[in-house]
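Residues 2 to 130 in the numbering used here are what the sequence shown lists, from first letter to last.
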Amino acid sequence: MAATHYMWEEFRGPVAPGYALHHICGKRNCVRPAHLELVPHAEHLIHHARKRRVRFSPEEWDKRRKARQRANAKKEYLKMKAKGLRRAKRRMPDGTDIDGWVPLTAGKSAVYDHLFQRWLRKNGTEDVP
Ligand SMILES: [Zn+2]
Ligand SMILES: [Zn+2]
């Protein structure tokens, strides 16, 4: 298994059949999961095709990437909604925004508490102003 493939599976999950890993940074040997994205294999081939005639323009590629991200976000949203969760975002005491999945029925302060606890776990308590 290629190193990039291994890193992706380790950090992001399985590569679905028919999909390929694309290097957003353009460096083929790069293994940073944040520099990779999962794209349909056929689309990936077209994107890298040598012949300019079939190659996606940067705008077209960008458009497809955004459509893919929207579709994935919607899929995740529906999956979490089925579990009784919704996405929420709040500003923490240090000014950073943190978001996460909270119960659909949670009130405003419950949402804040939930996200604040997550923020505390991540940052420790020392930095709280
Ligand atoms: Zn690629
Ligand atoms: Zn990279």
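Cβ atoms here follow ideal geometry from the backbone N, Cα and C, with glycine treated the same way.
Between which residues of its own chain and histidine 42 is the CB-CB distance below 8 Å, once the five residues before and five after are set aside?
Sequence index remark: in the sequence shown, residue 42 carries index 41 (1-based). The beta carbon of histidine 42 is closer than 8 Å to those of Gly19, Tyr20 and Ala21 in its chain, skipping five residues each way along the sequence.
Report the option in Ala3, His115 and Val40 whose CA atom is closest to the CA atom of alanine 89.
In the sequence shown, counting from the first residue as 1, residue 89 sits at position 88. If we check each option's Cα against that of alanine 89, His115 comes out closest.
Return helix, strand or coil for aspartate 100, following the three-state DSSP convention.
Residue numbering aside, residue 100 sits at position 99 when the sequence shown is read from its first letter. It is a strand residue.
Please list the terminal residues of the continuous beta strand (DSSP E) segment that includes leucine 39.
The count along the sequence shown starts at 1 and reaches residue 39 at position 38. Following the DSSP letters along the chain, one finds leucine 39 inside the beta strand (DSSP E) bounded by residues 37 to 41.
Validate contact between the segment 69 to 88 and the segment 98 to 112 using beta carbons, cut 8 Å, 3 pairs
Three or more Cβ pairs closer than 8 Å define a contact, and the segment 69 to 88 meets that threshold against the segment 98 to 112.
Would you list the residues sitting across from leucine 121 in a DSSP beta bridge?
Stepping through the sequence shown from its first residue, residue 121 is reached at position 120. Answer by DSSP bridge pairing: none, since leucine 121 is not bridged.
Report back the beta-carbon spacing between arginine 91 and valine 112 to the nearest angstrom; my notes put them in contact at under 8 Å.
Counting from one through the sequence shown, the residue named residue 91 turns up at place 90. Counting from one through the sequence shown, the residue named residue 112 turns up at place 111. Confirmed, Cβ separation roughly 7 Å.
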